[in-house]
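Undergrad:
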Amino acid sequence: MLEIKDLHAGFEGTEILKGISLSINKGETHAIMGPNGSGKSTLAKILSGHPSYEVFSGEVIYEGKNLLDLSAEDRSLAGVFMGFQYPVEIPGVNNAEFLRMAYNARLVNEGKDELDPLDFDDILQEKMDLLGMENKYKERNCNDGFSGGEKKKNEILQMAILKPALSVLDETDSGLDIDALRVVANGVNKLNNENNALILITHYQRLLDYIKPDFVHVLSHGKIIKSGGKELAHELEAQGYDWLTTTN
Amino acid sequence: MSSTIAESSNGAESAVLDLHKKFIETNQPSPDFLALNRKALGQFAKLKFPHRKHEMYTFVNTKGLASAPFSLKKESSIQREFVEQHVYAGCERSHLTLVDGVLRPELSDATALGTAVMVGSLAEAIKDKSVKSLLQESIESENDVFASINSAFMTQGIMIRVGRDNQIEAPLQILNVSTGGESGPVMTVPRVYVHLEPLSELKLIVKYVGEGDNYFVNSVQDMVVEENATLTHIQVQADSIDAWHFSKNRVRLKRDSRYLGYQATNGARLVRHHNEGWLSEPGAELVLNGVSVLVDDEQSHQFIRVHHEVENCTSHQCFKNIINHRARASFDGTVVVNKGAQLTSSDQLINNLMLSDEGHADCKPNLMIFADDVKCAHGATVGQLDEGQLFYLRTRGLSEDVAKEILTQSFARSIIQEIPFAPVVEELNQTLLKKLEAN
Numbered sequence: 000m001l002e003i004k005d006l007h008a009g010f011e012g013t014e015i016l017k018g019i020s021l022s023i024n025k026g027e028t029h030a031i032m033g034p035n036g037s038g039k040s041t042l043a044k045i046l047s048g049h050p051s052y053e054v055f056s057g058e059v060i061y062e063g064k065n066l067l068d069l070s071a072e073d074r075s076l077a078g079v080f081m082g083f084q085y086p087v088e089i090p091g092v093n094n095a096e097f098l099r100m101a102y103n104a105r106l107v108n109e110g111k112d113e114l115d116p117l118d119f120d121d122i123l124q125e126k127m128d129l130l131g132m133e134n135k136y137k138e139r140n141c142n143d144g145f146s147g148g149e150k151k152k153n154e155i156l157q158m159a160i161l162k163p164a165l166s167v168l169d170e171t172d173s174g175l176d177i178d179a180l181r182v183v184a185n186g187v188n189k190l191n192n193e194n195n196a197l198i199l200i201t202h203y204q205r206l207l208d209y210i211k212p213d214f215v216h217v218l219s220h221g222k223i224i225k226s227g228g229k230e231l232a233h234e235l236e237a238q239g240y241d242w243l244t245t246t247n
Numbered sequence: 000m001s002s003t004i005a006e007s008s009n010g011a012e013s014a015v016l017d018l019h020k021k022f023i024e025t026n027q028p029s030p031d032f033l034a035l036n037r038k039a040l041g042q043f044a045k046l047k048f049p050h051r052k053h054e055m056y057t058f059v060n061t062k063g064l065a066s067a068p069f070s071l072k073k074e075s076s077i078q079r080e081f082v083e084q085h086v087y088a089g090c091e092r093s094h095l096t097l098v099d100g101v102l103r104p105e106l107s108d109a110t111a112l113g114t115a116v117m118v119g120s121l122a123e124a125i126k127d128k129s130v131k132s133l134l135q136e137s138i139e140s141e142n143d144v145f146a147s148i149n150s151a152f153m154t155q156g157i158m159i160r161v162g163r164d165n166q167i168e169a170p171l172q173i174l175n176v177s178t179g180g181e182s183g184p185v186m187t188v189p190r191v192y193v194h195l196e197p198l199s200e201l202k203l204i205v206k207y208v209g210e211g212d213n214y215f216v217n218s219v220q221d222m223v224v225e226e227n228a229t230l231t232h233i234q235v236q237a238d239s240i241d242a243w244h245f246s247k248n249r250v251r252l253k254r255d256s257r258y259l260g261y262q263a264t265n266g267a268r269l270v271r272h273h274n275e276g277w278l279s280e281p282g283a284e285l286v287l288n289g290v291s292v293l294v295d296d297e298q299s300h301q302f303i304r305v306h307h308e309v310e311n312c313t314s315h316q317c318f319k320n321i322i323n324h325r326a327r328a329s330f331d332g333t334v335v336v337n338k339g340a341q342l343t344s345s346d347q348l349i350n351n352l353m354l355s356d357e358g359h360a361d362c363k364p365n366l367m368i369f370a371d372d373v374k375c376a377h378g379a380t381v382g383q384l385d386e387g388q389l390f391y392l393r394t395r396g397l398s399e400d401v402a403k404e405i406l407t408q409s410f411a412r413s414i415i416q417e418i419p420f421a422p423v424v425e426e427l428n429q430t431l432l433k434k435l436e437a438n
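These protein sequence lines map, in sequence, to chains A and B. With numbering that gives the first Met the number 0 applied, the first sequence covers 0 to 247. With numbering that gives the first Met the number 0 applied, the second sequence covers 0 to 438.
1. Decide if Asp176 (chain A) is buried, meaning its Cβ has at least 16 other Cβ atoms within 10 Å, or exposed.
2. Quick check on Glu72 (chain A) - is its C-beta less than 8 angstroms from some C-beta in chain D?
3. Rounded to the nearest angstrom, how far is the Cβ of Ile60 (chain A) from that of Ala196 (chain A), given a contact under 8 angstroms?
4. Look at Asn35 (chain A) and His216 (chain A) and say whether their C-beta atoms are less than 8 angstroms apart.
5. For my contact list, Leu165 (chain A) and Gly78 (chain A) are in at a C-beta cut-off of 8 angstroms; report their separation, rounded to the angstrom.
6. Do Leu40 (chain B) and Val453 (chain B) come within 8 angstroms of each other at the CB atom, strictly closer than that value?
7. Evaluate contact between the stretch 420-428 of chain B and the stretch 323-339 of chain B, counting only Cβ atoms and requiring at least three cross-stretch pairs below 8 angstroms.
8. What does the alpha-carbon distance come out to for the pair Gln429 (chain B) and Lys206 (chain B)?
9. For the beta strand (DSSP E) that Ser291 (chain B) lies in, which residues bound it at each end?
10. Is the beta carbon of Asp99 (chain B) sitting closer than 8 angstroms to the one on Thr178 (chain B)?
11. State whether the stretch 95-114 of chain A contacts the stretch 389-397 of chain B, with contact taken as three or more CB pairs (one from each stretch) at a distance under 8 angstroms.
12. Which residues share a DSSP beta bridge with Tyr214 (chain B)?
13. Could you compute how far the alpha carbon of Met32 (chain A) sits from the alpha carbon of Pro212 (chain A)?
14. Check Val208 (chain B) in the structure and name its three-state DSSP category.
15. What residues match up with Gly82 (chain A) in a beta bridge as DSSP calls it?
16. For Leu406 (chain B), does the count of other Cβ atoms within 10 angstroms reach 16, so buried, or fall short, so exposed?
17. In chain order, what residues of the same chain have a beta carbon less than 7 angstroms from the beta carbon of Gln172 (chain B), not counting five sequence neighbours either side?
18. Around the C-beta of Ser199 (chain B), are 16 or more other C-beta atoms found within 10 angstroms, so that it is buried, or is it exposed?
19. Going by DSSP, what residue range makes up the alpha helix (DSSP H) through Phe81 (chain B)?
20. Does Ser146 (chain A) get closer than 8 angstroms to chain B when you measure Cβ to Cβ?
21. By how many angstroms is the C-alpha of Phe80 (chain A) removed from the C-alpha of Asn194 (chain A)?
22. Would you kindly report the start and end of the unbroken alpha helix (DSSP H) that includes Arg99 (chain A)?
23. Per the contact definition of three or more C-beta pairs closer than 8 angstroms, is the stretch 127-139 of chain B in contact with the stretch 99-109 of chain B?
24. Mind checking if Pro163 (chain A) is an interface residue toward chain B, Cβ cutoff 8 angstroms exclusive?
25. Compute the Euclidean distance between the alpha carbons of Ile210 (chain A) and Asp178 (chain A), then round it to the nearest angstrom.
26. Which of the three DSSP states, helix, strand or coil, is assigned to Gly57 (chain A)?
27. Within 10 angstroms of its Cβ, does Gln347 (chain B) collect 16 or more other Cβ (buried), or is it exposed?
28. Just to make sure I have the definition right: I need the residues of chain A whose C-beta is within less than 8 angstroms of the C-beta of Gly396 (chain B). Which are they?
29. By the DSSP assignment, the alpha helix (DSSP H) with Tyr209 (chain A) in it spans what residues?
30. For the beta strand (DSSP E) containing Glu2 (chain A), list its first residue and its last residue.
31. With three or more beta-carbon pairs closer than 8 angstroms as the criterion, would you say the stretch 330-343 of chain B touches the stretch 357-364 of chain B?
32. Can you tell me where the beta strand (DSSP E) with Glu275 (chain B) in it begins and where it stops?
33. Per DSSP, what kind of secondary structure is His19 (chain B) in: helix, strand or coil?
34. If you pair each beta-carbon of the stretch 73-80 of chain B with each one of the stretch 221-240 of chain B, do three or more pairs fall below 8 angstroms?
35. Decide if Pro30 (chain B) is buried, meaning its Cβ has at least 16 other Cβ atoms within 10 Å, or exposed.
36. Going by the DSSP bridge assignment, what does Ser329 (chain B) pair with across the sheet?
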C-alpha cells in the first residue's frame with residue numbers, strides 16, 4: 000500500500016530525515032517510535048503534504064502513485080488521513096458542518112452527489128455512537144476551545160467519517176490522560192480492519208498497550224535504527240532509547 | 000452671525016453656509032428649531048472641515064466629500080414595494096421609514112409598538128424642556144464637524160420614547176432610504192433621538208439603503224438609556240456603492256443600564272461611523288461589535304470614544320474587517336477611564352483580515368486610564384489567513400480555494416452570529432458572506 004524508499008527530507012533546507020525506507024501493507028499497523036527530535040513528526044508532515052516541508056530525494060509510492068506529486072487535498076481524497084499532533088482551532092466553523100464539507104468533498108471526488116445536513120447527520124450520529132462521543136462535538140465550532148483530549152477525539156471522529164485507507168496518527172497519545180487515551184485507542188481499534196493500514200507515531204510505549212502494532216520501528220537522528228515486532232516496544236519501555244542509540 | 004462665519008471660512012465651508020441660507024428660506028423652521036439649527040451652524044464654523052492631520056480624521060480623507068457641491072433633497076417618491084423589500088421579518092407592524100431623512104408616515108407602521116412607545120417628530124418633542132436641553136447640549140459640545148452639519152440642517156427628526164418599565168416585544172426598525180441626486184450630489188440628515196425610561200427595553204434595528212446614487216447620508220443618533228434599561232441597537236449599512244455614509248451615535252448610560260450595539264458594514268465610497276458612549280453611573284454596560292466586508296475601492300472607518308466616568312462599569316468592543324482589492328478600513332478607538340472610575344472592566348479587540356496586497360488597514364487602539372484599580376485590555380491584529388488552518392482544512396480534502404473561503408467567512412461569521420436578531424443574521428449571511436464568494 001505504501002512504499003517509502005530512501006527518503007531524505009527536511010525543513011528550510013535542513014535535512015532531518017536521512018534515508019528512510021519503509022514498506023506498509025493492507026491490514027498492518029506500524030508504530031514509529033523515537034526520542035524527541037528524531038524526525039517522527041517530520042515524517043508525518045511529509046506524508047501529509049505540508050507546504051513548509053521539502054523532499055530532497057527518495058520516493059513515496061502510495062497505491063502505485065507517487066504520493067509526493069499530490070497536493071495535501073488530493074492525498075486526502077486518495078485515502079490518506081493525517082491525525083495531527085496539535086489539531087488546529089477553527090473558530091466560526093461549526094464542527095458538524097466542517098465534517099460534512101470534508102465528507103462531501105470525498106463524495107464529489109468519487110462522482111457522487113453531496114449529502115444534505117439531515118442525511119449527513121445520520122452518518123455522523125452513527126460514528127459518534129461508535130466512538131462514544133457526546134453531542135457537543137456537533138454543536139461546537141471545530142476544535143475551538145476544545146481541551147487537548149477533545150481535540151484528539153475529534154481527530155478520530157474525522158478519521159471515522161473519512162474512512163481512510165491509510166492513517167498516519169502523529170503523537171495522538173501525547174497530552175492525554177489515561178481515560179482519554181482509552182477512548183482514542185478504542186476508537187482507532189474499531190476503525191482498524193484488514194483493508195486499511197495505520198502508522199502510529201508515538202513517543203510513549205503506553206499507547207501500544209492499547210493499540211497493538213504489527214511492527215515497531217525506532218527512529219533516531221532521521222534514520223530507522225531498528226525494526227521489530229511489538230516486543231521491541233517493551234524493550235524500549237524497559238531500557239529507554241539509549242541502548243539503541245549508543246550501539247549505533 | 001452668518002456673515003462673520005462666512006468671512007473666516009474657505010470655499011468648502013462657505014458652500015455649506017450658502018446652502019444653509021437656502022435651507023432656512025425653504026424650510027422655515029419653527030423659532031425653537033431654528034435656534035438649534037443656527038447654534039449648530041456656529042459650531043460647524045468653529046470646527047471647520049478636517050484637514051489631513053485632524054486627530055479625529057487621521058485615517059479618513061474627507062477632501063472629496065467636503066468639496067462636493069451638495070444640495071438638499073426636496074420631494075422624493077419611493078415605491079412601497081421597495082420599502083417592503085427592506086422591512087425585516089417581524090417588523091411589518093413596527094417600522095418607521097425615512098426617505099432622504101424625512102419620516103414618511105404612509106410608508107411606516109408602528110401599530111405593534113402599542114402605547115408604551117411614543118413616536119413623534121423631534122420638532123414636536125423639543126417642546127419638552129429636557130429634550131431641548133439635551134439636544135442643545137449635544138450641539139454645543141459637538142466635536143465632529145459632520146455631525147454639526149446634521150444638526151444645522153435637521154428638520155423634523157424622530158423622537159422615540161419608551162415609557163418606564165415597558166419591555167417592547169416587537170423589534171423596531173428604522174429604514175433609511177436615500178433616493179440619490181439626479182443632477183448632482185445630495186445630502187440627507189436623518190436624526191433620531193431615542194430615550195429609554197428606567198427598566199424599559201427596546202430592540203432597534205436601523206438599516207440604510209440606497210434607491211439611487213450620488214448621495215451623502217449624514218445621520219446622527221442621540222440615545223439616552225436610563226436606570227436598568229436595555230437598548231439593543233443593530234445598524235446595517237447597505238447603501239449604494241458610490242454613497243458617502245456618515246453616522247454618529249451618542250449614547251448616555253445611566254445606572255445599571257445596557258447598550259448592546261452591533262454594526263454591519265457593506266461598504267461604500269466612504270463610510271464612517273463615529274460612536275461615542277458615556278458610562279455615567281455605576282453598573283452601566285456598553286457592548287459595541289462590528290463587522291465589515293470591503294472590496295474594490297470601498298472604505299469603512301470607525302472612530303470610537305468610550306468614557307468610563309464612574310466606578311463599576313463595563314465596556315466590550317470587538318471589530319472585524321475583511322479587506323480585499325484596494326479597499327481601506329481604519330479603527331481609531333479610545334477608552335477613557337476617569338479618575339474615579341475604579342473597578343472598570345474594559346476590553347477592545349480589532350482584527351483585520353487582508354485578502355490582497357493593495358488593501359489598507361489602519362488601527363489605533365488607545366487606552367487613557369486615570370484610575371488605579373481597573374481591568375482594561377486592548378489588542379489589534381492585521382494579517383492574512385492562517386497557514387496552519389488552511390493546511391488543516393486541505394488535509395481533509397478541501398481545495399485551497401474552498402479552504403480560503405471557509406476561513407474568510409468564519410472570520411466574519413463570529414461577529415454576525417452574535418447579532419441578536421435572526422433576520423439580520425440571515426441577511427448578512429446572504430449579503431456580506433456572498434460578497435466574499437464572488438471575490
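All C-beta atoms, glycine included, are put in the ideal place defined by N, C-alpha and C.
TA: The short version:
1. For the purposes of this step, residue 176 (chain A) is identified with residue 177 of the first sequence, where counting begins at 1. Exposed, by the Cβ-count rule.
2. The structure shown has no chain D; the protein chains it does contain are A and B.
3. By 1-based counting over the first sequence, the position of residue 60 (chain A) is 61. By 1-based counting over the first sequence, the position of residue 196 (chain A) is 197. Not quite, the Cβ-Cβ distance comes to about 14 angstroms (not below 8 angstroms), so this is no contact.
4. Translated into positions along the first sequence, residue 35 (chain A) becomes position 36. Translated into positions along the first sequence, residue 216 (chain A) becomes position 217. No, Cβ-Cβ distance for Asn35 (chain A) and His216 (chain A) is not below 8 angstroms.
5. On the first sequence, residue 165 (chain A) is found 166 positions in, with the first residue counted as 1. On the first sequence, residue 78 (chain A) is found 79 positions in, with the first residue counted as 1. Indeed they touch by this definition, with Cβ atoms about 6 angstroms apart.
6. In this structure chain B extends from 0 to 438, so residue 453 (chain B) is not present and cannot be described.
7. no
8. Along the second sequence, read from residue 1 onward, the residue named residue 429 (chain B) stands at position 430. Along the second sequence, read from residue 1 onward, the residue named residue 206 (chain B) stands at position 207. Taking the straight line joining both Cα atoms gives about 16 angstroms.
9. Here the question's residue 291 (chain B) lines up with position 292 in the second sequence. Start and end: Glu284 to Leu293.
10. Taking the second sequence and counting its residues from 1, one reaches residue 99 (chain B) at position 100. Taking the second sequence and counting its residues from 1, one reaches residue 178 (chain B) at position 179. In contact: Asp99 (chain B) and Thr178 (chain B) (Cβ atoms closer than 8 angstroms).
11. yes
12. Counted from its first residue, the second sequence places residue 214 (chain B) at position 215. The partner list for Tyr214 (chain B) (beta bridge, DSSP) reads B:Val185.
13. Translated into the one-based positions of the first sequence, residue 32 (chain A) becomes position 33. Translated into the one-based positions of the first sequence, residue 212 (chain A) becomes position 213. Roughly 11 angstroms separates the two Cα atoms.
14. Working through the second sequence from its first residue, we reach residue 208 (chain B) at position 209. Strand, per DSSP.
15. The sequence position of residue 82 (chain A) within the first sequence is 83, counting from 1. Note: Gly82 (chain A) sits in a beta bridge opposite A:Leu168.
16. Translated into the one-based positions of the second sequence, residue 406 (chain B) becomes position 407. Per the 10 Å Cβ criterion, buried.
17. Counting from one through the second sequence, the residue named residue 172 (chain B) turns up at place 173. Excluding positions up to five away in sequence, the list reads Val86, Tyr87, Cys90, Ser93, His94, Ile204 and Lys206.
18. Counting from one through the second sequence, the residue named residue 199 (chain B) turns up at place 200. By the neighbour-count rule (16 or more Cβ atoms within 10 Å), Ser199 (chain B) is buried.
19. Stepping through the second sequence from its first residue, residue 81 (chain B) is reached at position 82. Segment Arg79 to His85, the alpha helix (DSSP H) holding Phe81 (chain B).
20. The residue given as residue 146 (chain A) occupies position 147 in the first sequence. So, not an interface residue.
21. If you number the first sequence from 1, residue 194 (chain A) lands on position 195. If you number the first sequence from 1, residue 80 (chain A) lands on position 81. Near 14 angstroms, if we compare the C-alpha coordinates of Phe80 (chain A) and Asn194 (chain A).
22. The residue labelled residue 99 (chain A) in the question sits at position 100 within the first sequence. Run containing Arg99 (chain A): Asn94 to Asn108, per the alpha helix (DSSP H) assignment.
23. no
24. Against the first sequence, residue 163 (chain A) aligns to sequence position 164. No, Pro163 (chain A) does not count as interfacial toward chain B.
25. Here residue 210 (chain A) is taken as the residue at index 211 of the first sequence, counted from 1. Here residue 178 (chain A) is taken as the residue at index 179 of the first sequence, counted from 1. Using only the alpha carbons, I get a separation of about 14 angstroms.
26. Position 58 of the first sequence, counted from the first residue, corresponds to residue 57 (chain A). Strand, per DSSP.
27. Your numbering for residue 347 (chain B) matches position 348 in the second sequence. Burial call: buried.
28. The residue labelled residue 396 (chain B) in the question sits at position 397 within the second sequence. By Cβ distance, chain A contributes Glu72, Ser75, Leu76, Ala101, Ala104, Arg105, Asn108 and Leu161.
29. Residue 209 (chain A) sits at position 210 when you count from the first residue of the first sequence. Start and end: Leu206 to Tyr209.
30. Numbered from 1 along the first sequence, position 3 holds the residue referred to as residue 2 (chain A). That run of the beta strand (DSSP E) goes Leu1 to Phe10.
31. yes
32. Position 276 of the second sequence holds residue 275 (chain B). Residues Leu269 to Leu278.
33. Residue 19 (chain B) sits at position 20 when you count from the first residue of the second sequence. DSSP places His19 (chain B) in helix when its eight states are reduced to three.
34. no
35. The sequence position of residue 30 (chain B) within the second sequence is 31, counting from 1. Looking at its Cβ environment, which holds fewer than 16 other Cβ atoms inside 10 Å, Pro30 (chain B) is exposed.
36. Looking up residue 329 (chain B) in the second sequence gives position 330. Beta-bridge pairing links Ser329 (chain B) to B:His300 and B:Asp361.
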